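Numbering (this note's numbering), first residue to last: 12 to 268.
Where is the CB? At the ideal position from N, CA and C, for every residue including glycine.
Computed from a predicted model, the values in this text were never measured in an experiment.
Structure record follows, encoded as structure tokens.
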């Protein structure tokens, strides 16, 4: 009935509240808007793509730091549905970078027990990149130390629109009754349907906006906006932010007991 039953993630359940509570005070799922690559490069007199390559290298360090910090799920914003508005040179360079990153890192990610998923609309991506994405997902599908989700050609409004179209199709075909549609139902049609909602969303580079990233999923997430540009975002900075999260009180609309 629901989207995903025939996918590689079929049968995977979202961690429940009890699992989250048992995890402890730290964030189980951290999402990151990796901003500032272009400005980092321009400040050094280099082209923007130089910054994107530096930012890609930083991803490995942050992924490797997750187990020690108790972070089970890491979701990173690599390319948005709005990023197609950038110059053709930058867009082509980013697509080439994604292909190179996947090819270069695939074996290490598999061997380090990292499970990789991609979210976003793949229809606009070139066939070679999509094939590499599919291959990496398949290669790491049994891994469970860290769940790395990479958002490529992703926009939250686009995601919700696609989910609603599929849900409406199931209603029209009689596979789903209108009375069954609620928040939980829609969640099962989203790209992130097998993931827990993020506990903490970090944006680097000093910008204080969320840029159409995980809008539905982050309804009760904590946010941290830091001035550091992404290529300078070290595991120590990440560790301090994750550590400080434990001091926040999350009431989900309730009041303090």
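- When only Cα atoms are considered, residue 210 and residue 50 end up about 28 Å apart.
- With a threshold of 16 other beta carbon atoms within 10 Å, residue 146 falls short and is exposed.
- Assignment of alpha helix (DSSP H) within the segment 98 to 173, counting only whole runs of 4 or more residues, yields 99 to 122, 138 to 150 in chain order.
- The DSSP-derived three-state label of residue 249 is helix.
- Residue state for residue 42 is assigned as strand, using DSSP reduced to three classes.
- A contact is defined here as three or more CB-CB pairs under 8 Å, and the segment 124 to 133 meets this definition with respect to the segment 154 to 167.
- Each residue's CA atom was taken as its position, placing residue 112 and residue 46 some 18 Å apart.
- For the segment 164 to 247, the full-length beta strand (DSSP E) segments reaching 3 residues or more read 211 to 214, 233 to 236 along the chain.
- Secondary structure at residue 67: helix, using DSSP grouped into helix, strand and coil.
- Here residue 89 carries a strand assignment [DSSP, helix/strand/coil].
- Taking all protein chains in view, the Cβ of residue 195 is surrounded by fewer than 16 other Cβ atoms within 10 Å, so the residue is classified as exposed.
- The count of Cβ pairs closer than 8 Å, one atom from the segment 190 to 208 and one from the segment 240 to 247, stays below three, leaving the stretches out of contact.
- In this structure, the beta-carbon distance from residue 225 to residue 42 falls below 7 Å.
- Residue 56 has its alpha-carbon roughly 43 Å from the corresponding atom of residue 153.
- Close CB contacts of residue 257 within its chain, under the 7 Å cut and outside five residues either way in sequence, are with 36, 37 (chain order).
- For the pair of segments examined, the segment 131 to 144 was found to touch the segment 103 to 123: the number of CB pairs separated by less than 8 Å reaches three.
- Between residue 169 and the set 156, 223, 215, the nearest pair of CA atoms involves 223.
- Bounds of the alpha helix (DSSP H) holding residue 49 are 48 to 53.
- As DSSP reads the structure, residue 84 sits in a beta bridge with 40, 158.
- Beyond the five residues adjoining it in sequence on each side, residue 188 comes within less than 8 Å, by CB distance, of 182 in the same chain, given in chain order.
- In this structure, residue 44 lies near residue 214, with their beta-carbon atoms less than 7 Å apart.
- For residue 78, the three-state secondary structure derived from DSSP is helix.
- Rounded to the nearest whole angstrom, the CA to CA distance from residue 246 to residue 185 is 50 Å.
- Sequence-distant partners of residue 95 (beyond 5 residues in either direction) whose C-beta falls short of 7 Å from its own C-beta, in its chain, are 102.
- By the neighbour-count definition (other C-beta atoms within 10 Å, threshold 16), residue 151 is a buried residue.
- Separation of the CB atoms of residue 85 and residue 250 is rounded to 13 Å, and the pair is thereby denied contact status at 8 Å.
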